[in-house]
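Number of protein chains: 2
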Amino acid sequence: MTWAAAHGLQVAARSGEAFTFTPAPLAVMPTAYPKVAFEKAKAVADPMARLYANVANDREWLHETLAGVIDADPFTANLLQLHKEVDSPQTMALGIFRSDYMLDGPTGDMLQIEYNTIASSFGGLAQRVGAWHAHSLARLGTEDPFLKAHVEAVTGGAHHGIPENPTTEQLAAGLAAAHKAHGGGTALFVVQPGERNTMDQRHIEYALYSNHQVPAMRRTLAQIAESGRIDATGALVLDGQAVSVAYFRAGYTPDDYPTEQEWAARRMIESSDAIKCPTLAYQLSGAKKVQQALAAPKALDRFLEDQADKDAISASFAGLWALGPEADEESVTAVAEAMEHPERFVMKPQREGGGFNTYGAAIAEKLKVGAHDKSLADSILMQRIMPPPQPQWLLRAEEDPLRCDAVCELGIYTVFLGNATEAPLNDYAGWLLRVKPETVDEGGVAAGYACLGAPLLV
Amino acid sequence: MTWAAAHGLQVAARSGEAFTFTPAPLAVMPTAYPKVAFEKAKAVADPMARLYANVANDREWLHETLAGVIDADPFTANLLQLHKEVDSPQTMALGIFRSDYMLDGPTGDMLQIEYNTIASSFGGLAQRVGAWHAHSLARLGTEDPFLKAHVEAVTGGAHHGIPENPTTEQLAAGLAAAHKAHGGGTALFVVQPGERNTMDQRHIEYALYSNHQVPAMRRTLAQIAESGRIDATGALVLDGQAVSVAYFRAGYTPDDYPTEQEWAARRMIESSDAIKCPTLAYQLSGAKKVQQALAAPKALDRFLEDQADKDAISASFAGLWALGPEADEESVTAVAEAMEHPERFVMKPQREGGGFNTYGAAIAEKLKVGAHDKSLADSILMQRIMPPPQPQWLLRAEEDPLRCDAVCELGIYTVFLGNATEAPLNDYAGWLLRVKPETVDEGGVAAGYACLGAPLLV
Chain A
0 MTWAAAHGLQ VAARSGEAFT FTPAPLAVMP TAYPKVAFEK AKAVADPMAR LYANVANDRE
60 WLHETLAGVI DADPFTANLL QLHKEVDSPQ TMALGIFRSD YMLDGPTGDM LQIEYNTIAS
120 SFGGLAQRVG AWHAHSLARL GTEDPFLKAH VEAVTGGAHH GIPENPTTEQ LAAGLAAAHK
180 AHGGGTALFV VQPGERNTMD QRHIEYALYS NHQVPAMRRT LAQIAESGRI DATGALVLDG
240 QAVSVAYFRA GYTPDDYPTE QEWAARRMIE SSDAIKCPTL AYQLSGAKKV QQALAAPKAL
300 DRFLEDQADK DAISASFAGL WALGPEADEE SVTAVAEAME HPERFVMKPQ REGGGFNTYG
360 AAIAEKLKVG AHDKSLADSI LMQRIMPPPQ PQWLLRAEED PLRCDAVCEL GIYTVFLGNA
420 TEAPLNDYAG WLLRVKPETV DEGGVAAGYA CLGAPLLV
Chain B
0 MTWAAAHGLQ VAARSGEAFT FTPAPLAVMP TAYPKVAFEK AKAVADPMAR LYANVANDRE
60 WLHETLAGVI DADPFTANLL QLHKEVDSPQ TMALGIFRSD YMLDGPTGDM LQIEYNTIAS
120 SFGGLAQRVG AWHAHSLARL GTEDPFLKAH VEAVTGGAHH GIPENPTTEQ LAAGLAAAHK
180 AHGGGTALFV VQPGERNTMD QRHIEYALYS NHQVPAMRRT LAQIAESGRI DATGALVLDG
240 QAVSVAYFRA GYTPDDYPTE QEWAARRMIE SSDAIKCPTL AYQLSGAKKV QQALAAPKAL
300 DRFLEDQADK DAISASFAGL WALGPEADEE SVTAVAEAME HPERFVMKPQ REGGGFNTYG
360 AAIAEKLKVG AHDKSLADSI LMQRIMPPPQ PQWLLRAEED PLRCDAVCEL GIYTVFLGNA
420 TEAPLNDYAG WLLRVKPETV DEGGVAAGYA CLGAPLLV
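Protein chains in written order, with numbering that gives the first Met the number 0: chain A, 0 to 457; chain B, 0 to 457.
Here's what the structure looks like:
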């Protein structure tokens, strides 16, 4: 744990402007992970980013696809409305995407859980988790009988080590590319007022300055509403400086918009010539509803040409079904199965951040109203993936280590800079491995369910 | 402060095995420091280390010099007794020395405060303080009107930047050199049970492993007494591993020896063939009494040959006078002056760690008994150095920044490996700058008086 603290693998001990930090929740043991699946996730990162950028640039399709959730999901409705009203002079957008996958034990498939297009977090910490595990393996892997036995048990003996993880540098490089493309004076990190995961963000800020000499300011939406303005050239100006790239680490949940002021700030940023990470369109394209719509037969044909790309992406899609008025025949079949076997499904609302999914008997309860009921329109039904468990020790600061059987979720980061016609940047940007007890349904680290871990490729 | 936390510039928030950390106390502004004085301190590091190693190897002189303090200082008496009793098979010793200096405003001299031969701390953090200030200067030095004005005010305009600070790597390199010279299996960090400054130590441990693949274990004296033994070859064996180098970050204060057990552990280590950092002799040579004795006329002739070395060292000595039965004529004169002008002096007892010196009116009170009184034998009288103050902001976690006029103390680290006939290693190992309000007498960071800062060479 001291290694973690010594290398900035930390979160604030309390929310707000606190200066006391505590190690991030950590999975002590490396997690054996199939090299083939890891490489597949890396390989599909490029077409997946193009897919989502194309979705975001397809205004018509996006609006139509999300039209059905407006009534049931006022937050998405607000974002959509803003997107319809605002016309930005800036066509370039920056995506710091993270595609999350789980292995399905029964089938051996690696299936996408979700595609994050806003505030994909833990990039600043994940790199350090990898370094920590690599350090432990090098330092103790052959000496410590406990770690040695564990590695042998989960890998069967041979392994390919922990993959390099360039998250911090790559995310900073993405922001720097956007900064350069814009030419403005400062990057802007849009942050939540009570953020505890500040260090994750600071690592990126420091790398942005150290590696690219790009300064950044941190502001909440409320602060931006207060002191920001758009000048005659269309630039977003804060404290006398033009913003080159606005990087959102806030704005993804309704809680981030307690008053009209925050919406006004969002509108101002979107209207400006700053490059947004993400734009409203990018954010909207990360909706669960979009994910479900893309999984429909032939849906990918609208956005991608290369068949190999489409096949690779399709192979990573789990079963996904619309609910509410848009539910089709397949939805009805799936709902019927879910009433009988809710353990095979998960119900997901639009909102981001972890902690809001429905599992088990509660699914059957919610589905009682029938697949087409309007109250379900903000949710999708998804195949429940059954990842194979591994023995693990989970460590939270100030708590006893928890011995458990744990499952993991692999995230693959991409940095993408592009507009409707070109994409000067589309790079793999590292990994995140979240590990949680098999018995826990939810997966968010910040929400308190999962720990940060590292894949040991086998 | 988040930068500090992100880069491991931290201390534990509580004592003991806590995992919550808080930034170390920091001086926000760089401290203008004369380049000439800084270079002088660097240059004298080599002969100063040889001087102290020669003192440590001169058993007779050391015992004689310290004989006078035995009655008044039972802790030094115990160390001395152990040194007389124990004969180690290991002649090589490792010194991680730190020579502390203050600038005397009235004379412009750079004068030695003390020479630390055991547990010279903050090497692991000082490097990060330098990096933090260099980062701030690069990031904000030309933009931030506050920092810019400060730098111009204290430097007069031009400066040579903040010197590189290789402390972590150099201290680790010293330990690695000792490890290699010995050939044993593991380094041993001897630590205090309730240590808060663990991160400082961990940085060295991690560098020792990363850069030299030398593993280290951390043990308290009590734990060593419990599980350690000396095998037939003379090796100190802990948990089945032979100790190559025993690095003391404990054992310098009587509080570290609450029972006979801790003394037994110290005896075991000293008796073993492990290379000690420091040996009892090195530790004893760091006594204030030795410092005072070396300042006596011609004292250096016994230990050094080169006149330039002796001159450089002498020039760094402040006025130092014996007290108690050994007080001489000069002591009597100094005591008389101190009764009249106690503000010109400081009274120092043997013990390490900061917080035990006597200042001002209290000096006159203590000296009432007369220069030769036995009760004074554990102390020396020293010229009070009057460093020139500079404006500063001192920052402690969870407290408001303190605006004050501050003075500083420069420490220069040396790593030294040698015995009576050879010294294969004698290297400058970086700097430490401690900054404290002008109005505060004591200087220890761990004791809560000073903050970590960085010199901006002018």
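A virtual CB, placed ideally from N, CA and C, is assigned to each residue, including glycine.
Only a predicted model underlies this, so the values are computations on that prediction, with no experimental measurement involved.
Where residue i falls: helix, strand or coil (DSSP)
| i | result |
| --- | --- |
| Lys275(A) | strand |
| Ile312(A) | helix |
| Thr332(A) | helix |
| Ser270(B) | helix |
| Gln191(A) | coil |
| Leu207(A) | helix |
| Met198(A) | helix |
| Gly227(B) | strand |
| Asn115(A) | strand |
| Arg402(A) | strand |
| Asp103(B) | coil |
| Ala171(A) | helix |
| Cys387(B) | Rather than Cys, the amino acid found at residue 387(B) in this sequence is Pro. Correct three-state label for Pro387(B): coil. |
| Pro462(A) | Beyond the ends of chain A as shown, which are 0 and 457, falls residue 462(A); an answer cannot be given. |
| Val68(A) | coil |
CB contact check: residue i to chain A, cutoff 8 angstroms
| i | result |
| --- | --- |
| Thr197(B) | yes |
| Gly183(B) | no |
| Gly369(B) | no |
| Gln9(B) | yes |
Chain A contact residues for residue i, given Cβ-Cβ distances below 9 angstroms
| i | result |
| --- | --- |
| Glu194(B) | The premise fails here: Glu194(B) is roughly 11 angstroms from chain A at the closest Cβ pair, so nothing lies under 9 angstroms. |
Bridge partners - residue i, DSSP secondary structure assignment
| i | result |
| --- | --- |
| Pro454(A) | Thr30(A) |
| Phe20(B) | Phe20(A) and Ala11(B) |
| Gln382(A) | Phe344(A) |
| Asp426(B) | Val414(B) |
| Met91(B) | Looking at the DSSP assignment, Met91(B) forms no beta bridge with any residue, so it has no partner. |
| Phe96(A) | Thr413(A) |
| Met47(B) | Note: Met47(B) sits in no beta bridge, so no partner. |
| Thr185(B) | Val242(B) |
| Phe247(B) | Val189(B) |
| Ala215(A) | Ala186(A) |
Residue i: contacting residues in chain A (beta-carbon distance under 8 angstroms)
| i | result |
| --- | --- |
| Pro214(B) | Arg138 and Glu142 |
Beta-carbon neighbours of residue i, restricted to chain B and to distances below 9 angstroms
| i | result |
| --- | --- |
| Thr19(A) | Ala4, Ala12, Thr19, Phe20, Thr21, Pro22, Ala396 and Glu397 |
| Tyr208(A) | His134, Ala137 and Arg138 |
Outcome for residue i when other beta-carbon atoms lying within 10 angstroms are tallied against a minimum of 16
| i | result |
| --- | --- |
| Phe74(A) | buried |
| Ser378(B) | buried |
| Val35(B) | exposed |
| Glu16(B) | Only weak support is given to the placement of Glu16(B): the predicted model assigns it a pLDDT of 49, under 50, and the value that follows is read from those uncertain coordinates. Under this definition Glu16(B) is an exposed residue. |
| Lys297(B) | exposed |
| Asn210(B) | exposed |
| Phe247(B) | buried |
| Gly156(A) | exposed |
| Asp272(B) | buried |
| Lys288(B) | buried |
| His159(A) | exposed |
| Pro400(B) | exposed |
| Phe20(A) | buried |
Chain B contact for residue i (CB, 8 angstroms cutoff)
| i | result |
| --- | --- |
| Tyr114(A) | no |
| Tyr205(A) | yes |
| Tyr281(A) | no |
Proximal chain A residues relative to residue i, where beta-carbon distance stays under 7 angstroms
| i | result |
| --- | --- |
| Thr1(B) | Thr197, Met198 and Arg201 |
CB contact below 8 angstroms: residue i versus chain C
| i | result |
| --- | --- |
| Thr185(A) | Here chain C cannot be found, since the structure's protein chains are A and B. |
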